[in-house]
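Quick notes on the structure that follows.
Protein chains: 2
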Amino acid sequence: MSVTSTRSSVALPGRQPLYIQVRDRIVLAIAQGEWDSGEALPSEFELADRFGVSQGTVRKGLDHLAAEGVLVRRQGMGTFIAEVADDWGCAEVSGLARPLETSLELLVCARSNAGEEAATALGLRRGAVLMAVKRLVRVAGEPFALIENFVAAERFEGLDARRIKQANCNLRTVWWREFGLRVVSAPPQFRAGIAGREEARLLGVEADSPLLEVARTAGGLDGEPVEWSVLRCRTDRYVYRV
Amino acid sequence: MSVTSTRSSVALPGRQPLYIQVRDRIVLAIAQGEWDSGEALPSEFELADRFGVSQGTVRKGLDHLAAEGVLVRRQGMGTFIAEVADDWGCAEVSGLARPLETSLELLVCARSNAGEEAATALGLRRGAVLMAVKRLVRVAGEPFALIENFVAAERFEGLDARRIKQANCNLRTVWWREFGLRVVSAPPQFRAGIAGREEARLLGVEADSPLLEVARTAGGLDGEPVEWSVLRCRTDRYVYRV
DNA sequence: TAGTGGTCTAGACCACTTG
DNA sequence: AAGTGGTCTAGACCACTAC
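Going line by line, the protein sequences match chains X and H. Mapped onto our numbering, the consecutive letters of the first sequence carry residue numbers 547 to 788. Mapped onto our numbering, the consecutive letters of the second sequence carry residue numbers 547 to 788.
Encoded structure:
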């Protein structure tokens with residue numbers, strides 16, 4: 547395309563910039579399963595050909611998705627679909643900065659009804675049918691946190707404990723492999739709470755111990771809210787870092 | 547500069563990209579007080595002339611600083627030095643999303659000695675002389691949080707309550723106006739704690755209520771740590787959001 | 001109307017990785 | 001040596017703001 551005959555459509559009001567359109571078309575392709583997790587995308591020039599834009603424009607779109615954590619770019623190698631991760635921040639031993647081994651255990655996977663917070667976060671009416679998944683996080687073998695995730699039962703028909711365990715209790719993997727959905731987390735909200743009897747037992751702390759609560763919604767790449775979740779963790783031995 | 551005679555220095559090993567150099571030179575100019583808070587920078591083309599690079603390269607450098615929150619870009623108007631803000635996240639009424647009026651009250655401004663956490667965060671030895679500033683945050687008139695800030699006394703010679711009050715208790719303004727220092731916060735660490743007697747009294751909650759603790763370091767634009775701070779807030783009525 | 005930031009292009013060269 | 005992402009340029013046009 548010559549510079550002097552730039553397409554007039556470039557200037558239409560209300561139109562998204564080309565690099566955003568490129569981003570969205572790549573998102574669409576990802577959602578349609580064109581590339582698997584960890585797989586390489588075509589090169590910038592190939593994508594530029596495919597979308598009919600210049601390499602620099604493709605680049606800007608890819609950079610956006612890399613900043614969102616959806617893609618990983620490696621110089622000399624290519625652009626890859628990022629491996630899905632549960633993405634629950636990381637626990638650190640106070641002071642120390644070395645990563646600790648964490649494990650996930652599935653406690654509950656059952657239907658439930660949306661409370662006020664969950665309904666608001668997911669844009670559903672109160673009482674809507676949800677799937678509730680409850681997991682226990684261990685750090686270096688010791689109980690550290692409880693995570694509850696809520697998704698609309700309708701969208702996740704067929705979700706059960708078996709599928710979750712198959713994915714090593716990584717829900718993001720389940721959303722991706724079983725339901726073709728890639729999600730990105732919104733900024734979390736923080737609260738301080740108190741451990742109830744059941745929570746204290748599961749986390750191995752005394753009842754009425756303070757717990758850190760982290761709540762957040764996650765949405766599809768199109769921005770629609772899909773998942774609401776709450777993490778409750780002890781912070782006597784570890785620190786929570788976003 | 548013609549394309550074919552590209553400067554060979556562009557490829558020297560260990561050399562920073564030009565747009566990073568541009569960023570750093572702008573940071574330097576800001577640190578030297580070349581522009582005041584809220585003031586407009588020269589246009590992209592003027593800066594390009596000044597630094598001897600193309601407009602696109604200047605643009606990339608400016609975009610970086612805008613992403614860091616140091617600059618604000620407004621189409622059709624120009625690029626401005628961002629107003630300094632205390633930047634302590636925002637409290638929100640659970641559910642509601644409208645902004646609430648907040649106020650700051652200075653409680654203490656005194657010398658103290660670095661504890662372990664502060665010393666580690668600031669890269670000082672334990673027991674180093676610090677200035678400790680303690681403030682009370684009110685949201686809609688009600689006590690919400692206590693903030694303690696720690697900085698090296700040596701670097702902030704002459705810091706006192708008067709200077710802080712003159713700046714409406716906004717410490718970032720003091721750092722900027724009185725000490726020519728612009729800081730950017732690192733990601734915070736979160737903990738759940740319990741209100742002591744004094745804290746409970748100041749925050750208007752019962753003793754032993756759970757409190758959310760948010761700790762973080764802030765560094766100069768060159769990345770050196772300058773300030774360590776801890777916020778303790780009640781989350782019974784409000785939610786903390788990063 | 002002039003000046004600003006925002007988008008887009010085409011083409012060059014560099015650094016890095018793999019064969 | 002070939003292919004990839006990363007940087008940089010020069011120049012065009014657009015959208016927004018102010019005068």
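Ideal Cβ placement from N, Cα and C applies to all residues, glycine included.
>> As an exercise, report each continuous alpha helix (DSSP H) stretch of at least 4 residues that is fully enclosed by the region 722 to 783 of chain X, in chain order.
In response: Runs of the alpha helix (DSSP H) inside the region 722 to 783 of chain X: 743 to 749.
> What did DSSP end up calling residue 613 of chain H once you bin it into helix, strand or coil?
Replying inline: It is helical.
> CB-CB under 6 Å to residue 636 of chain H, same chain, minus the five flanking residues each way: which ones, in chain order?
Replying inline: If you ignore the 5 residues before and after residue 636 of chain H, its C-beta comes within less than 6 Å of the C-beta of 787, all in its own chain and listed in chain order.
>> DSSP three-state label for residue 624 of chain X, please.
In response: In this structure, residue 624 of chain X counts as strand in the three-state DSSP scheme.
>> With a threshold of 7 Å on Cβ separation, who are the neighbours of residue 672 of chain X within its own chain once the five nearest residues in sequence on each side are excluded?
In response: Excluding positions up to five away in sequence, the list reads 660, 662, 665.
> Taking the C-alpha atoms as reference points, what is the distance between residue 714 of chain X and residue 720 of chain X?
Replying inline: Rounded to whole angstroms, residue 714 of chain X to residue 720 of chain X spans 9 Å at the Cα level.
> Which one or two residues does DSSP pair with residue 688 of chain H in a beta bridge?
Replying inline: Looking at the DSSP assignment, residue 688 of chain H forms a beta bridge with H:685.
>> If you measure between the beta carbons of residue 569 of chain X and residue 610 of chain X, is that distance less than 8 Å?
In response: In this structure, residue 610 of chain X lies closer than 8 Å to residue 569 of chain X by Cβ.
> Which residues in chain X sit within 7 Å of residue 569 of chain H, going by Cβ to Cβ distance?
Replying inline: Within 7 Å of the CB of residue 569 of chain H, no CB atom of chain X is found; the nearest one sits about 17 Å away.
> Could one say the Cβ of residue 764 of chain H lies closer than 8 Å to chain X's Cβ atoms, at least one of them?
Replying inline: Interface criterion not met: the Cβ of residue 764 of chain H is under 8 Å from no Cβ in chain X.
> On the premise that residue 736 of chain X lies in contact with residue 820 of chain H, defined as a C-beta separation below 8 Å, what is that separation, rounded to the nearest angstrom?
Replying inline: Past the boundaries of the shown model lies residue 820 of chain H; chain H is included only from 547 to 788, so the question cannot be answered.
> What does a CB cutoff of less than 6 Å around residue 749 of chain H pick up in its chain, not counting 5 residues either side in sequence?
Replying inline: Counting only Cβ-Cβ distances below 6 Å, and skipping sequence neighbours, we find 689, 780.
> Would DSSP call residue 663 of chain H helix, strand or coil?
Replying inline: Helix, per DSSP.
> At what residues does the alpha helix (DSSP H) containing residue 591 of chain H begin and finish?
Replying inline: Counting along the chain, the unbroken alpha helix (DSSP H) around residue 591 of chain H starts and ends at 590 to 597.
>> Since residue 625 of chain H and residue 587 of chain H should fall inside the 8 Å C-beta cutoff, what is the C-beta to C-beta distance between them, to a whole number of angstroms?
In response: Rounded, the Cβ-Cβ distance is 5 Å, consistent with contact.
> DSSP three-state call for residue 698 of chain X: helix, strand or coil?
Replying inline: In the displayed model, residue 698 of chain X falls within a strand according to three-state DSSP.
> Hey, is residue 674 of chain X's beta-carbon within less than 8 Å of any beta-carbon in chain H?
Replying inline: It does not; no Cβ of chain H falls within 8 Å.
> In the DSSP assignment, what residue or residues form a beta bridge with residue 637 of chain X?
Replying inline: Residue 637 of chain X is bridged to X:786.
> Out of curiosity, what's the CA-to-CA distance linking residue 597 of chain X and residue 763 of chain H?
Replying inline: Rounded to the nearest whole angstrom, the CA to CA distance from residue 597 of chain X to residue 763 of chain H is 44 Å.
>> In the DSSP output, which residue or residues are listed as bridge partners for residue 648 of chain H?
In response: DSSP, once it has assigned bridges, lists H:685 as partnering residue 648 of chain H.
>> Along the region 713 to 738 of chain H, where does the CB come closer than 8 Å to a CB of chain X? Name the residues.
In response: When CB distances to chain X are screened at a threshold of 8 Å, the residues of the region 713 to 738 of chain H falling below it are 733, 734, 735, 736, 737, 738, in chain order.
> Is there contact between the region 651 to 658 of chain X and the region 677 to 687 of chain X, where contact requires at least three CB pairs shorter than 8 Å?
Replying inline: By the criterion of at least three beta-carbon pairs nearer than 8 Å, the region 651 to 658 of chain X is in contact with the region 677 to 687 of chain X.
> Using the beta-carbon of each residue, which ones in chain H are nearer than 8 Å to residue 776 of chain X?
Replying inline: Result: empty, since nearest Cβ-Cβ is about 12 Å, beyond 8 Å.
>> Runs of 4 residues minimum, wholly inside the region 556 to 588 of chain X: which ones carry the alpha helix (DSSP H) assignment?
In response: Within the region 556 to 588 of chain X, the runs of alpha helix (DSSP H) that reach at least 4 residues and sit entirely inside it are, in chain order, 564 to 577.
>> For residue 770 of chain H, which residues in the same chain have their Cβ closer than 6 Å to its Cβ, ignoring the five residues on either side in sequence?
In response: Here the set comprises nothing.
>> Output needed for residue 740 of chain H: all residues of its chain with C-beta closer than 8 Å, excluding positions within five of it in sequence on either side, in chain order.
In response: In the same chain as residue 740 of chain H, and ignoring 5 residues on each side of it, the C-beta atoms closer than 8 Å to its own belong to 754, 755, 756, 757, in chain order.
> Under a CB-based cut-off of 8 Å, is residue 788 of chain H close to chain X?
Replying inline: Answer yes: the Cβ-Cβ gap between residue 788 of chain H and chain X drops below 8 Å somewhere.
> Closest Cβ-Cβ distance between residue 566 of chain X and chain H: below 8 Å?
Replying inline: So no, residue 566 of chain X is outside the interface.
> Taking the Cβ atom as the reference point for each residue, do residue 670 of chain X and residue 682 of chain X lie within a distance shorter than 8 Å?
Replying inline: It is not a contact, given that the beta carbons lie outside the stated cut-off.
> Any beta-carbon of chain X closer than 8 Å to the one on residue 751 of chain H?
Replying inline: Chain X contact via Cβ: absent.
>> If you reduce the DSSP assignment to three classes, tell me which class residue 675 of chain H lands in.
In response: Of the three classes helix, strand and coil, the one that applies to residue 675 of chain H here is strand, per DSSP.
> Can you tell me the Cα-Cα spacing of residue 704 of chain H and residue 579 of chain H, whole angstroms?
Replying inline: Each residue's alpha carbon lies about 20 Å from the other.
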